[in-house]
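K.L.:
Questions regarding the structure given below will be posed in turn.
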């Protein structure tokens, strides 16, 4: 009898600790939170971008030294004739960010033909949520045959 008096409160306590799961049913999207990284991409030279250029901004996990980086999020933005500085916003899932890993934000500008025109050449850490970033790009030298 005495053991049943201890068992019942223990059972109630354990059931209160178990997370409840709610099935929202088919077709109802989950409430997945995202964080938005905002910033600008620019370069110092006074060279106009082609009207059909595209800005590509990427967040990558660069933790492993001898392995390719893992893309966390990426956005491609047509410039539509706009010139630098180019504003961007990139949504990413904060659940994919692991505290002990190292993350980098990079950008590149492609011509309408897909040719690489400008690129970031230095590591830029992913800033904390809510902070903006400025990405400095450098011109990619084209060979004379191009």
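Residue numbers (the numbering used here): 400 to 545.
Glycine residues also receive a C-beta, built at the ideal position from the N, C-alpha and C atoms.
(1) Work out the CA separation of residue 482 and residue 466 for me, nearest whole Å.
(2) When you compare only the Cα positions, how much space is there between residue 491 and residue 458?
(3) Going straight from the alpha carbon of residue 534 to that of residue 439, what length do you get?
(4) Nearest by alpha-carbon distance to residue 473: which of 461, 463, 454, 484 is it?
(5) Give me the Cα-Cα distance between residue 497 and residue 537, rounded to the nearest whole angstrom.
(6) Pull up the DSSP beta-bridge partners for residue 538, would you.
P.N.:
Looking at the atomic coordinates:
(1) The count along the chain shown starts at 1 and reaches residue 466 at position 67. The count along the chain shown starts at 1 and reaches residue 482 at position 83. Cα to Cα, the separation comes out at about 35 Å.
(2) On the chain shown, position 92 is the one that residue 491 refers to. On the chain shown, position 59 is the one that residue 458 refers to. Going from the Cα of residue 491 to the Cα of residue 458 covers about 8 Å.
(3) For this step, residue 534 is matched to residue 135 along the chain shown. For this step, residue 439 is matched to residue 40 along the chain shown. Straight-line Cα distance between these residues: approximately 6 Å.
(4) Taking the first residue of the chain shown as 1, we reach residue 473 at position 74. Looking at the Cα atoms, 454 is the closest of the given residues.
(5) Position 98 of the chain shown, counting from 1, holds the residue named residue 497. Position 138 of the chain shown, counting from 1, holds the residue named residue 537. Our two residues, residue 497 and residue 537, have alpha carbons roughly 30 Å apart in a direct line.
(6) Counting from one through the chain shown, the residue named residue 538 turns up at place 139. Its beta-bridge partners are 517.
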